[in-house]
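Engineer:
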Amino acid sequence: MILDARKDVGDGATIECDVCIVGSGPAGIPLALELAQQGLQVVILEAGGKRWSRENQDFFRGQVTGGYGNTLQDYRHRRLGGTSCVWGGRCFLFDPIDFEKRDYVPDSGWPVTRDEMLPYYERAHTWCHIGSMTYDASTALPDQVPEMIPGVLDDEVVMSALERWSLPTQFARDYSDPLRQSANLRVFINAACTDIDLNNDLETVSSLKVRTGGAKTFTAKARVFVLAAGGLEVPRLLLASSHQLPAGIGNHHDLVGRYFMEHCNGNISTAVLSVDSRKMNHGYYKDRESVYVRRRLNISEAAQRKYSIPNFGAGLGFPPPVDPDHGNAILSAIFFAKHIRRIGRRIPPSFNKPASKQIDEGYKLWLRHFRNILLGAPELSLFLPRFAYLHFLKKRRLPGIVLPTRNANFAIWYQTEQTPNRDSRVALSDELDQFGMRRIVMDFHCNEIDVTGIVKAHQLIDRHFRRNEIGYVQFHRDDVEADVREQFKPAGGHIMGTTRMADDPRHGVVDPNCRVFGTRNLFVASSAVFPTSSHANPTLTIVAMTVRLADHLRTVIGASDPERERAFAAAPADATMPTGPSGNGV
Numbered sequence: 272m273i274l275d276a277r278k279d280v281g282d283g284a285t286i287e288c289d290v291c292i293v294g295s296g297p298a299g300i301p302l303a304l305e306l307a308q309q310g311l312q313v314v315i316l317e318a319g320g321k322r323w324s325r326e327n328q329d330f331f332r333g334q335v336t337g338g339y340g341n342t343l344q345d346y347r348h349r350r351l352g353g354t355s356c357v358w359g360g361r362c363f364l365f366d367p368i369d370f371e372k373r374d375y376v377p378d379s380g381w382p383v384t385r386d387e388m389l390p391y392y393e394r395a396h397t398w399c400h401i402g403s404m405t406y407d408a409s410t411a412l413p414d415q416v417p418e419m420i421p422g423v424l425d426d427e428v429v430m431s432a433l434e435r436w437s438l439p440t441q442f443a444r445d446y447s448d449p450l451r452q453s454a455n456l457r458v459f460i461n462a463a464c465t466d467i468d469l470n471n472d473l474e475t476v477s478s479l480k481v482r483t484g485g486a487k488t489f490t491a492k493a494r495v496f497v498l499a500a501g502g503l504e505v506p507r508l509l510l511a512s513s514h515q516l517p518a519g520i521g522n523h524h525d526l527v528g529r530y531f532m533e534h535c536n537g538n539i540s541t542a543v544l545s546v547d548s549r550k551m552n553h554g555y556y557k558d559r560e561s562v563y564v565r566r567r568l569n570i571s572e573a574a575q576r577k578y579s580i581p582n583f584g585a586g587l588g589f590p591p592p593v594d595p596d597h598g599n600a601i602l603s604a605i606f607f608a609k610h611i612r613r614i615g616r617r618i619p620p621s622f623n624k625p626a627s628k629q630i631d632e633g634y635k636l637w638l639r640h641f642r643n644i645l646l647g648a649p650e651l652s653l654f655l656p657r658f659a660y661l662h663f664l665k666k667r668r669l670p671g672i673v674l675p676t677r678n679a680n681f682a683i684w685y686q687t688e689q690t691p692n693r694d695s696r697v698a699l700s701d702e703l704d705q706f707g708m709r710r711i712v713m714d715f716h717c718n719e720i721d722v723t724g725i726v727k728a729h730q731l732i733d734r735h736f737r738r739n740e741i742g743y744v745q746f747h748r749d750d751v752e753a754d755v756r757e758q759f760k761p762a763g764g765h766i767m768g769t770t771r772m773a774d775d776p777r778h779g780v781v782d783p784n785c786r787v788f789g790t791r792n793l794f795v796a797s798s799a800v801f802p803t804s805s806h807a808n809p810t811l812t813i814v815a816m817t818v819r820l821a822d823h824l825r826t827v828i829g830a831s832d833p834e835r836e837r838a839f840a841a842a843p844a845d846a847t848m849p850t851g852p853s854g855n856g857v
């Protein structure tokens, strides 16, 4: 059942359930449905509405310092489904090394192993609609040669590893039927959690304060509470809930909001290859389950350890569309489209910062792009209808484009692990939003190894090409590290680490079961719990950690009794329900 708290909940009402979840994104919706299917009575509180609105986005506004390349509104959506509404769909497993303690990566190591996570990754594959758990080209694409470049085998550089692509799944849209029809689940939109209340023991959450707009408030009570509002809003809520614990909930060791991590993306080089580009396998392919996959350039785990390189992944692609010297009508059309869409919601302004710099140079840039389009009009007219059909009209969308080249020169687009840094953090400013919550101030920092690791990875790729006599890597600038630093801007939507997981409360905010240290019944379902970031997009691992949490909560809570189930289903939205068992042992 989906209800609008502004009209379906009375002012001062109390909602009760077994599990109350704050947030309806890739963590909140799978968790709610997993638990509701087992007979537990679940409530989701979603701060936004069913659609994007400027008013709701303004709640995300905050201050940014320390070189973070995006505003805090970019890439996040305060709406039903959360940021999955604009998710591109790229999926990887985190590698075994990502879970390990690495002496060259500060504060690394998870309290769970990759082997422990594999069963949950399998279930996450189903939730994300990405088929079987095959990430090797020889298995997923048995009718093709596994190598990106035929005959060039994996070594320190791995060229047969795959990324898999979701539909992309938009969790509110693609799971709308069970969200509406489940007798054990109520979803309240326009219901913003603004404060957490503890019992007198200061260890048990008793209720949440919820605002619906204007002066209307209500209370949510549950046996267990789960914060699934993302890597910025979860620490914001914990820090803002300071009326009983001045430092905030879970912040006994000043760790809430610290260790903020993002992936760092960029392009500092070109792969200059001496092979027939028509025989390369660097584009998007459908596997046996009709799921799109694409080969990548990864650095092997052995090489990462040998050369002290944080996890690294890259793909071969076209040059930056902003530079009209490419002479390609399709790339010039992409330049125009992305610049126009800067005013839209799917592509935030920061995505086109390189373009913005050159747009300021004057109209000549536009004329040169327009010339490319005129000269390449026949090619463009053949390309656009097919791409529009495959990318916009099909349920499983073609993720992107890989263009043929006159030569075999390709931009190397990388995405790397940012290693944990205690000083990179989310804190609260004195500015208040419309609901009286303190806004975020972001102070972004990276480690020197993040910069040197990117350079080392490119040097390994260059050596791999030369050793196999297929080409070399050409850096764009002589001072490669300076180029990396200038481009060391976060990906934008991959927010991790702000309530990190650990065995010991001195080293993290949540325990291995994602329970907030110092509390009995408060949990976090978010990439905020990741101790390290890998190079992999986080959504798949968010879902895997979420279904793992669902199993744990089912064990410690147990199923609801039939009388409580009937009461939950029959109760009006603003009714107070009978309290269930105490949930001892949660």
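Each residue of the sequence shown is one higher than the last, beginning at 272 in my numbering. Idealized CB from N, CA, C, for every residue including glycine.
Does the distance from the C-beta atom of T810 to that of W381 stay below 8 angstroms?
Structural biologist: Taking the first residue of the sequence shown as position 1, residue 810 is located at position 539. Taking the first residue of the sequence shown as position 1, residue 381 is located at position 110. No, these two residues do not count as a Cβ contact at 8 angstroms.
Engineer: In whole angstroms, give me the CA-to-CA distance for Q758 and E702.
Structural biologist: What you label residue 758 is simply residue 487 of the sequence shown in a count that begins at 1. What you label residue 702 is simply residue 431 of the sequence shown in a count that begins at 1. Spanning the two alpha carbons is a distance of roughly 30 angstroms.
Engineer: Going by C-alpha distance, which of L316, Q686 and R748 is nearest I539?
Structural biologist: By one-based count along the sequence shown, residue 539 stands at place 268. Minimum Cα distance to I539 is reached at R748.
Engineer: So, D472 versus S512, is the Cβ gap smaller than 8 angstroms?
Structural biologist: To locate residue 472, count along the sequence shown from 1; it is residue 201. To locate residue 512, count along the sequence shown from 1; it is residue 241. No. Outside cutoff.
Engineer: Considering just the uninterrupted stretch of the beta strand (DSSP E) at K321, what are its terminal residues?
Structural biologist: The residue labelled residue 321 in the question sits at position 50 within the sequence shown. Neither: K321 is in no beta strand (DSSP E) and is coded neither H nor E.
Engineer: By Cβ distance below 6 angstroms, which residues in the same chain neighbour Q686 in space, the five residues on each side in sequence not counted?
Structural biologist: For the purposes of this step, residue 686 is identified with residue 415 of the sequence shown, where counting begins at 1. Around Q686: H534, N536, G584 and H806.
Engineer: CB-CB under 8 angstroms to T541, same chain, minus the five flanking residues each way: which ones, in chain order?
Structural biologist: The sequence position of residue 541 within the sequence shown is 270, counting from 1. Same-chain partners within the cutoff: P590, N680, F681, A682, I683, V744, Q745 and H747.
Engineer: Exposed or buried, what is H514 when buried is set at 16 or more other beta-carbons lying within 10 Å of its beta-carbon?
Structural biologist: By 1-based counting over the sequence shown, the position of residue 514 is 243. Exposed, because fewer than 16 other Cβ atoms sit within 10 Å of the Cβ of H514.
Engineer: Quick one: give me the first and last residue of the beta strand (DSSP E) that I460 is part of.
Structural biologist: Here residue 460 refers to the residue found at position 189 of the sequence shown. Counting along the chain, the beta strand (DSSP E) containing I460 begins and ends at L456 to I460.
Engineer: Starting from the C-beta of S831, find all residues in its chain whose C-beta is less than 7 angstroms away, skip the five residues before and the five after it, and write them out in chain order.
Structural biologist: As a position in the sequence shown, residue 831 is number 560, starting the count at 1. The predicted model places S831 with a pLDDT of 49, which falls under 50 and marks its position as unreliable, so this point remains unresolved.
Engineer: Counting Cβ pairs closer than 8 angstroms, one from the stretch 481 to 500 and one from the stretch 458 to 465, do we hit at least three?
Structural biologist: yes
Engineer: Could you check how far apart the C-beta atoms of F801 and R771 are, in whole angstroms? I think they sit under 8 angstroms.
Structural biologist: The residue you call residue 801 lines up with position 530 of the sequence shown. The residue you call residue 771 lines up with position 500 of the sequence shown. With 8 angstroms as the limit, F801 and R771 qualify as a contact, their Cβ atoms being about 7 angstroms apart.
Engineer: Would you identify the three-state DSSP class for T410, choosing helix, strand or coil?
Structural biologist: Here residue 410 refers to the residue found at position 139 of the sequence shown. Here T410 sits in helix by DSSP.
Engineer: With H, G and I counted as helix, E and B as strand and the rest as coil, what does DSSP make of C288?
Structural biologist: Start at 1 with the first residue of the sequence shown, and residue 288 comes out as number 17. Here DSSP, grouped into helix, strand and coil, assigns C288 to strand.
Engineer: Can you tell me whether DSSP reads N538 as helix, strand or coil?
Structural biologist: Counted from its first residue, the sequence shown places residue 538 at position 267. N538: coil per DSSP, three-state reduction.
Engineer: Within a Cβ cutoff of 8 angstroms, which residues of the same chain sit near L274, ignoring the five residues on either side of it in sequence?
Structural biologist: Here residue 274 is taken as the residue at index 3 of the sequence shown, counted from 1. Answer for L274: V280, R457, V458, F459, I460 and A844, listed in chain order.
Engineer: R819 by DSSP, collapsed to three states: which one?
Structural biologist: Within the sequence shown, the letter at position 548 stands for residue 819. Reduced to three states, the DSSP call for R819 is helix.
Engineer: Determine the closest residue to F607 out of I580, L638, L587 and K577, with distance taken between C-alpha atoms.
Structural biologist: Locating residue 607 in the sequence shown gives position 336, where the first residue counts as 1. If we check each option's Cα against that of F607, L638 comes out closest.
Engineer: Start and end of the beta strand (DSSP E) containing G671?
Structural biologist: Translated into positions along the sequence shown, residue 671 becomes position 400. First-last for G671: undefined, no H or E at that position.
Engineer: For the alpha helix (DSSP H) containing G742, list its first residue and its last residue.
Structural biologist: The residue you call residue 742 lines up with position 471 of the sequence shown. The continuous stretches of alpha helix (DSSP H) do not include G742, which lies in the beta strand (DSSP E) extending over residues G742 to F746.
Engineer: Output the residue ranges of the beta strand (DSSP E) runs that lie fully inside the stretch 653 to 713 and measure 3 residues or longer, sorted by chain position.
Structural biologist: 680 to 687 and 696 to 703
Engineer: Can you give me the C-alpha to C-alpha distance between Y239 and R825, rounded to a whole angstrom?
Structural biologist: Beyond the ends of the chain as shown, which are 272 and 857, falls residue 239; an answer cannot be given.
Engineer: Spatial neighbours of R385 within its chain, please: C-beta separation below 8 angstroms, excluding the five flanking residues on both sides.
Structural biologist: Sequence index remark: in the sequence shown, residue 385 carries index 114 (1-based). Correct list, in chain order: L364, F365, D366, P367, D369 and F370.
Engineer: Check whether the stretch 324 to 335 touches the stretch 723 to 736, counting contact only when three or more Cβ pairs, one atom from each stretch, lie closer than 8 angstroms.
Structural biologist: no
Engineer: Quick check: I292 and L302, are their CB atoms within less than 8 angstroms of each other?
Structural biologist: If you number the sequence shown from 1, residue 292 lands on position 21. If you number the sequence shown from 1, residue 302 lands on position 31. Yes, the Cβ-Cβ distance between I292 and L302 is below 8 angstroms.
Engineer: Would R507 and V795 be called neighbours here (beta carbons separated by less than 8 angstroms)?
Structural biologist: Residue numbering aside, residue 507 sits at position 236 when the sequence shown is read from its first letter. Residue numbering aside, residue 795 sits at position 524 when the sequence shown is read from its first letter. Not closer than 8 angstroms, so no.
Engineer: Taking the C-alpha atoms as reference points, what is the distance between S548 and T676?
Structural biologist: Here residue 548 corresponds to residue number 277 of the sequence shown, with the count starting at 1. Here residue 676 corresponds to residue number 405 of the sequence shown, with the count starting at 1. Rounded to the nearest angstrom, the two C-alpha atoms are 7 angstroms apart.
Engineer: Is the distance from the Cβ of M767 to the Cβ of G502 below 8 angstroms?
Structural biologist: On the sequence shown, position 496 is the one that residue 767 refers to. On the sequence shown, position 231 is the one that residue 502 refers to. Cβ distance < 8 angstroms, so M767 and G502 count as in contact.
Engineer: For the beta strand (DSSP E) containing N749, list its first residue and its last residue.
Structural biologist: Position 478 of the sequence shown holds residue 749. The identity of residue 749 in the sequence shown is Asp, whereas the question assumes Asn. Looking at the DSSP string, D749 is not in any beta strand (DSSP E), and its letter there is neither H nor E.
Engineer: Taking just the CA atoms, how far does F496 sit from M430?
Structural biologist: Your numbering for residue 430 matches position 159 in the sequence shown. Your numbering for residue 496 matches position 225 in the sequence shown. Straight-line Cα distance between these residues: approximately 43 angstroms.
Engineer: In chain order, what are the residue ranges of uninterrupted alpha helix (DSSP H) at least 4 long that sit wholly in the stretch 431 to 516?
Structural biologist: Restricted to the stretch 431 to 516, the alpha helix (DSSP H) segments that are unbroken, complete and at least 4 residues in length are 442 to 445, 447 to 452 and 504 to 511, listed in chain order.
Engineer: Give the DSSP-derived three-state secondary structure of V280 in the structure shown.
Structural biologist: The residue labelled residue 280 in the question sits at position 9 within the sequence shown. Reduced to three states, the DSSP call for V280 is coil.
Engineer: Rounded to the nearest angstrom, what separates V780 and L438 at their Cα positions?
Structural biologist: Locating residue 780 in the sequence shown gives position 509, where the first residue counts as 1. Locating residue 438 in the sequence shown gives position 167, where the first residue counts as 1. If you take the alpha carbons of V780 and L438, they lie about 33 angstroms apart.
Engineer: Using the Cα positions of Q452 and M272, report the straight-line distance between them to the nearest angstrom.
Structural biologist: Start at 1 with the first residue of the sequence shown, and residue 452 comes out as number 181. Start at 1 with the first residue of the sequence shown, and residue 272 comes out as number 1. Between Q452 and M272, the C-alpha separation is close to 6 angstroms.
Engineer: D445: buried (16+ other C-beta within 10 angstroms of its C-beta) or exposed?
Structural biologist: What you label residue 445 is simply residue 174 of the sequence shown in a count that begins at 1. Label assigned to D445: buried.
Engineer: What span of residues does the alpha helix (DSSP H) with F788 cover, start to end?
Structural biologist: Taking the sequence shown and counting its residues from 1, one reaches residue 788 at position 517. Neither: F788 is in no alpha helix (DSSP H) and is coded neither H nor E.
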